[in-house]
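Enquirer: Below you will find the structure I want to go over with you.
Chains as they are written, first to last, in my numbering: chain A, 1 to 353; chain B, 1 to 353; chain C, 1 to 353; chain D, 1 to 353.
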């Protein structure tokens, strides 16, 4: 098969760099354009990343060879119609402005929150709720677009939602989530200062808790094809989001009430046997990595399981009415660019691009 | 008033050092003996703390002048009858053996868990459940002791319990607690290695969760004078205990269902106006430090409020059915030696020593 | 004595806040104006520090009561003639512009590097080279000022220079310095990201090494009254400056060749007996804290000695041709605002203000 | 070629685990025995590593499949004659006792310091001083061994020595080294506590500085075949060893006086073109990774270059009489087990096993 033409927008930023790294040598997508701000436009990619003699490159490995000399395009000037797919990693305000322009002609996969809460926009995690892709028809019709916008959820939502997906069959009544989030989630401008987080926990991340609550209900909800909307899952979600001194990988303590009262063995089996059979290049195998060692998962040890795409779950127990467990999910891999690429692969497989 | 004669047992250990620091210059208690293991016995305190030319002293400030030259006594040989009060900071197995010997004649305040779960032993936090001291009569009668054993709770229990005490009047039905605990809680042998906790969270602390559940119910329970026992509070308690890269100060995300559905203002007021009027030298004022800045409390900024004896509470909100907040409590101050000294002061005031 | 009228310029920044904290309740200086950028001007100090409901205050303790409601003045509009002394904590570019305006009428103590390298500007550390104050006459004459500018050195220079001062009598031929610097030295905009320094060392601090070399030679040099200049000390200085994961307190490994080949006891005695007898309120006693425990000084344990104004020195040895030792110096206390206040006290005592 | 039979002694310890990981699937060496203490002997390897349900495995990746069920042998009972090569990772005291027993029949590669300073024992780093292998003949003759003992140097020595090797041709007169060492170098019993190193630097590592000085001179010295000894290099070496909050990877600030006064370009070229052409499986290519970005090398970014076997060098400059640079070297890879395996490969190639 011919590779699809892909553009990365916001390519010089930290999240955009992760798209660039994730797409280098990708078997299905060929990056043929890198777009950025007006300031970066016209420069070679590697020059746009440079500050004096220092290279501001933060993704794993070196800058991919084939993209070093690519000339960065102004994202406002990008001719979307030339691409089969566009990956965007921009601030929400910018996303609101440019993603609709691109979506006129082209599928857009976005890490921004701008369109996550629109009724006709599916909020998908590969392997969890790909059936929500059926909303795309409504989206196209409502907005007169040939393409579409498919945002991925907040990275904190992703970890818990993946751990909940195999348990949906037991009837999830309520969940309590306390996150211990990595500093990379705050990006680099301004990011989290060492002055603030060394020897410390910061118990508040502005806006994060609301996102987790709304997104979890939407993701675990059901698409109503007639109305072209998602009926939110009727799950009581409570959350407390904290920043801890970890570079990468969100850790989440989860408490859930499950209606069917499955045995712990059944729950463990639900995770261990969970296999969405995506059949796409980035598919993590296993999709969920289940641990029996009570000291696992730990972010440093488990965040990179299957290149950061497998979700690690452990510490399953039920001392009272709650099923309890711990999740580690790589916030800047499955929770960001790599998660969006995996989603694009899945939608490609389903024929949406 | 004449000062009471006090002994510190386990004085060379990290928790014992905190007793030594907390009692230096104390207006009511005079440390007249330091006891330790056979290995330390017979040495000057400052020599028992030395390893070559390096002083293994870990409490705040220098070794108190008056205790530097005190000769350490073998804790097995300590003549308890010479003391008005004994403070012990030893392993649980040792506590089981020596605390009953001391308690024959003398009140013992202990950081060990050995006796916490005995029906006739009160588990008290100053300002929270001092009325449980009435159990001491039953304890003396049951065991034929003139003294008594008064353990303090686990440091993780303490933070949450203090935050719950002022809310008991609203009817606490259930609580969920996720702790992010400081490494000092694990002590120094072996303690938490930098190798393990740097850039990491460890989602398990052996035995900790059970302690928090059992202790919280006992502390918030009611003493039944007739039976000489505590009727546990009928609160559903669920907890997940995590270790984070913080030196001192436990951070706790709490979720609670309150029967009376008070307004948030009422809850805030309950904390702000909480004043147990202990009337003792170490009493923290305010007993609870309430924060309106959503980024507070933080362990690095708030653990030392009122010398580590005030409990910091903030982030109050009720987005769903749970009242939610964050607690910071100094695990090795109010949660250990200083908390035990404060308790001893309160029992002195109440006439128990 | 009546207190001197003082203004703090750059009062809302992190270094300016430290001036505010250091000057609260000062026995000689009374802060009667706080100046900041145009953006802060006209706001109450506490409002200028606020970002939503969060207070951006980073110095020790709370915002001093008497300064909370003080209205911030635009630093460009400050009428310097109203003050007896001005403390500035601004970027070098700003300092170049505003400090000469203030100095027309008023002594200015500055943390900025703008004037450090001017021949007629003394670069002083209290207790080390206060005799350089005699340059002030030349400065006034050259520039037609009634006041003067007295910058303090770079914080990395300060630690080493204090440790060298008592050894000058032995003839310092050369020094090699490797610094392990705290993140607070980089301030907060942008500061050092946790992403970059967690589990890491950054081996480069732009411009720092040149400053240390030039400043050390100037500080240890001799004032030539006739020419109104400092003759740099003829010491070969080599340095490597590194950033480490420490919040506060620079650690410095120093190697020195001393001409007179003193015994180690003589060197230790030179430090232990060093007493500049400043006779001013902030004078640290001892001025140098000398450690014999080979594991000391450590930044976490020793940075706050004498409120961050005592310089800690230890690990003295001479395994080869170098005398070697380790210094810990509080970069944002003696190395910044508190060091400038101490200097102002000394110059007040000497009659310069 | 048939693989050589290899035994790993001390296989359950942290350094021994790294041998196990390094040798899994090795093309030349086949691990046919794992030896440990009496306590581990008789257990399956994976059971010997287990503590309850938690696996105490600290090397990269999972426990190699083929070694999981291998039964651990008591290292005192190991029949060395059955092996072509033995890798030991034990405490120095144990090494002194058991390595001579093994060496009677078999070449022993050791991470212990026990034999490093013996005149007839070569202290080799692959690519640096493999010619010192000629000492083995003297060693065999002196001791009546068929095998030999080949210890690797201290991990701190290794980094600097590799960076110096290509510069030997310029005439190294003196070096000053300040190390900022990772906590993994202290192992796990007791290791470095998070309590001690969080927000801190520890300026002393017992015995380390002497090792670096002695070893550097020996490694850069010349073998005198007639006497069967090494004539130490006549280099003045001074060093200060510090512990910093880094998990893995030692960072070293080096200052050197080079007799020939080469240009900086010549020095850079010496590193960039340095190619010992080892021709063995683990050979890192490049052997030295030279950086021009002044912010490099950094331990977190550069320690794993070429699987932890390439030495990273950067920040070359000569502001005064010293050539100065920074080294990052992976202390538990090239500085421990992997370095010993690389050395064994080289000696195999040279016919010593």
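Here a beta-carbon is modelled for each residue, glycine too, at the ideal position from N, C-alpha and C.
1. Which residues does DSSP list as the beta-bridge partners of residue 325 (chain C)?
2. Kindly indicate which three-state DSSP category residue 181 (chain B) falls into: helix, strand or coil?
3. If the cut-off is 8 Å on Cβ atoms, which residues from the region 194-210 of chain B count as contacting chain D, listed in chain order?
4. How many Å lie between residue 48 (chain D) and residue 12 (chain D) at the Cα?
5. Could you check if residue 169 (chain C) is buried or exposed, using at least 16 other CB atoms within 10 Å of its CB as the buried criterion?
6. Which whole-angstrom value describes the C-beta separation of residue 360 (chain C) and residue 150 (chain C), a residue pair presumed to lie in contact below a C-beta threshold of 8 Å?
7. Around the C-beta of residue 324 (chain A), are 16 or more other C-beta atoms found within 10 angstroms, so that it is buried, or is it exposed?
8. Looking at the C-beta of residue 243 (chain A), does it have a partner C-beta in chain C at a distance below 7 Å?
9. Report all residues from its chain with a CB closer than 6 Å to the CB of residue 200 (chain A); omit the five preceding and five following residues, and keep chain order.
10. Across which residues does DSSP place residue 312 (chain C) in a beta bridge pair?
11. Find out if the Cβ-Cβ distance for the pair residue 202 (chain C), residue 243 (chain C) is shorter than 7 Å.
12. Where DSSP assigns a beta bridge to residue 362 (chain B), which residues make up the other side?
13. Exposed or buried, what is residue 215 (chain B) when buried is set at 16 or more other beta-carbons lying within 10 Å of its beta-carbon?
14. Quick one, are the C-beta atoms of residue 232 (chain C) and residue 217 (chain C) less than 7 Å apart?
15. Between the region 280-303 of chain C and chain D, which residues of the former have a C-beta closer than 8 Å to a C-beta of the latter?
16. Residue 241 (chain D) and residue 205 (chain D): beta carbons closer than 7 Å?
17. With 7 Å as the threshold, decide whether the Cβ of residue 76 (chain B) is near any Cβ in chain C.
18. Out of C:69, C:131, C:85, C:26, which has the shortest C-alpha to C-alpha gap to residue 276 (chain C)?
19. Quick check: is the beta carbon of residue 329 (chain A) nearer than 7 Å to any beta carbon in chain D?
20. Check the Cβ-Cβ distances between residue 53 (chain A) and every residue of chain D, and say whether any is below 7 Å.
21. Quick one: is residue 79 (chain D) buried, meaning 16 or more other Cβ sit within 10 Å of its Cβ, or exposed?
22. Assess, as a yes-or-no matter, whether the region 51-60 of chain C is touched by the region 92-111 of chain C under the definition of 3 or more beta carbon pairs within less than 8 Å.
23. For the candidate residues A:187, A:183, A:194, whose alpha-carbon lies nearest to that of residue 401 (chain C)?
24. Our contact map puts residue 335 (chain C) next to residue 158 (chain C) with C-beta atoms below 8 Å; I'd like the distance itself, whole angstroms only.
25. Who are residue 240 (chain B)'s beta bridge partners in DSSP?
26. By DSSP, does residue 170 (chain B) sit in helix, in strand, or in coil?
27. Examine the Cβ distances between the region 270-290 of chain B and the region 114-127 of chain B and report whether three or more of them are shorter than 8 Å.
28. Quick one: does residue 238 (chain B) have its CB under 7 Å from some CB of chain A?
29. Residues of the region 306-322 of chain A in Cβ contact with chain B at a cutoff of 8 Å, in chain order, please.
30. Which residues in chain C sit within 7 Å of residue 255 (chain D), going by Cβ to Cβ distance?
31. Per DSSP, which residues does residue 193 (chain A) bridge with? Please list them.
32. Just checking, does the region 17-37 of chain C make contact with the region 65-73 of chain C on the three C-beta pairs under 8 Å criterion?
33. In chain D, what lies closer than 7 Å to residue 180 (chain C) by C-beta?
34. Can you check whether the C-beta of residue 159 (chain B) is within less than 7 Å of a C-beta belonging to chain D?
35. Taking C-alpha atoms, which residue in B:50, B:329, B:246, B:351 lies nearest to residue 180 (chain A)?
36. What are the start and end residues of the beta strand (DSSP E) that includes residue 204 (chain C)?
Expert: Inspection of the coordinates gives the following:
1. As a working note, residue 325 (chain C) is residue 325 in the third chain. For residue 325 (chain C), which the question treats as bridged, DSSP gives the partners C:254.
2. On the second chain, residue 181 (chain B) is found 181 positions in, with the first residue counted as 1. Reduced to three states, the DSSP call for residue 181 (chain B) is strand.
3. Cβ contacts with chain D: 194, 195, 196, 197, 198, 199.
4. Counted from its first residue, the fourth chain places residue 48 (chain D) at position 48. Counted from its first residue, the fourth chain places residue 12 (chain D) at position 12. One C-alpha to the other measures close to 7 Å.
5. The residue labelled residue 169 (chain C) in the question sits at position 169 within the third chain. By the neighbour-count rule (16 or more Cβ atoms within 10 Å), residue 169 (chain C) is not buried but exposed.
6. Nothing can be reported for residue 360 (chain C), as the shown portion of chain C is limited to 1 through 353.
7. As a working note, residue 324 (chain A) is residue 324 in the first chain. Burial call: buried.
8. Here residue 243 (chain A) refers to the residue found at position 243 of the first chain. Chain C, which has no Cβ nearer than 7 Å to the Cβ of residue 243 (chain A), makes this no.
9. Taking the first residue of the first chain as position 1, residue 200 (chain A) is located at position 200. Same-chain partners within the cutoff: there are none.
10. In the third chain, residue 312 (chain C) corresponds to position 312, counting from 1. BP columns for residue 312 (chain C) point to C:289, C:328.
11. In the third chain, the residue the question calls residue 202 (chain C) occupies position 202. In the third chain, the residue the question calls residue 243 (chain C) occupies position 243. It is a contact, given that the beta carbons lie within the stated cut-off.
12. Lying before the first or after the last residue shown, residue 362 (chain B) is absent from chain B, which here runs from 1 to 353.
13. Your numbering for residue 215 (chain B) matches position 215 in the second chain. That one is buried.
14. What you label residue 232 (chain C) is simply residue 232 of the third chain in a count that begins at 1. What you label residue 217 (chain C) is simply residue 217 of the third chain in a count that begins at 1. Yes, these two residues count as a Cβ contact at 7 Å.
15. 294, 295, 296, 297, 298, 299, 300, 301
16. To locate residue 241 (chain D), count along the fourth chain from 1; it is residue 241. To locate residue 205 (chain D), count along the fourth chain from 1; it is residue 205. Yes. Within cutoff.
17. What you label residue 76 (chain B) is simply residue 76 of the second chain in a count that begins at 1. So, not an interface residue.
18. On the third chain, position 276 is the one that residue 276 (chain C) refers to. With distances taken between Cα atoms, residue 276 (chain C) lies closest to C:131.
19. The count along the first chain starts at 1 and reaches residue 329 (chain A) at position 329. With respect to chain D, the C-beta atom of residue 329 (chain A) has no partner C-beta closer than 7 Å.
20. As a position in the first chain, residue 53 (chain A) is number 53, starting the count at 1. Yes, its Cβ sits closer than 7 Å to a Cβ of chain D.
21. In the fourth chain, counting from the first residue as 1, residue 79 (chain D) sits at position 79. Classification of residue 79 (chain D): exposed, given that the 10 Å Cβ count is below 16.
22. no
23. Beyond the ends of chain C as shown, which are 1 and 353, falls residue 401 (chain C); an answer cannot be given.
24. Residue 335 (chain C) sits at position 335 when you count from the first residue of the third chain. Residue 158 (chain C) sits at position 158 when you count from the first residue of the third chain. With a Cβ gap of about 5 Å, residue 335 (chain C) and residue 158 (chain C) count as contacting.
25. Stepping through the second chain from its first residue, residue 240 (chain B) is reached at position 240. According to DSSP, residue 240 (chain B) bridges with B:178.
26. One-based indexing of the second chain puts residue 170 (chain B) at position 170. Here residue 170 (chain B) sits in helix by DSSP.
27. yes
28. If you number the second chain from 1, residue 238 (chain B) lands on position 238. Output row for residue 238 (chain B): interface = yes.
29. Near chain B, meaning a CB-to-CB distance below 8 Å, the residues of the region 306-322 of chain A are 314, 315, 319, 320, 321, 322.
30. One-based indexing of the fourth chain puts residue 255 (chain D) at position 255. Those within 7 Å of residue 255 (chain D) in chain C are 176, 238.
31. As a working note, residue 193 (chain A) is residue 193 in the first chain. BP columns for residue 193 (chain A) point to C:193.
32. yes
33. Locating residue 180 (chain C) in the third chain gives position 180, where the first residue counts as 1. Per Cβ cutoff of 7 Å: 180, 201, 242, 244.
34. The residue you call residue 159 (chain B) lines up with position 159 of the second chain. No, residue 159 (chain B) lies away from the interface with chain D (no Cβ there is under 7 Å from its Cβ).
35. Here the question's residue 180 (chain A) lines up with position 180 in the first chain. Of the candidates B:50, B:329, B:246, B:351, the one whose C-alpha sits nearest the C-alpha of residue 180 (chain A) is B:246.
36. Locating residue 204 (chain C) in the third chain gives position 204, counting from the first residue. Element bounds for residue 204 (chain C): n/a, residue is neither H nor E.
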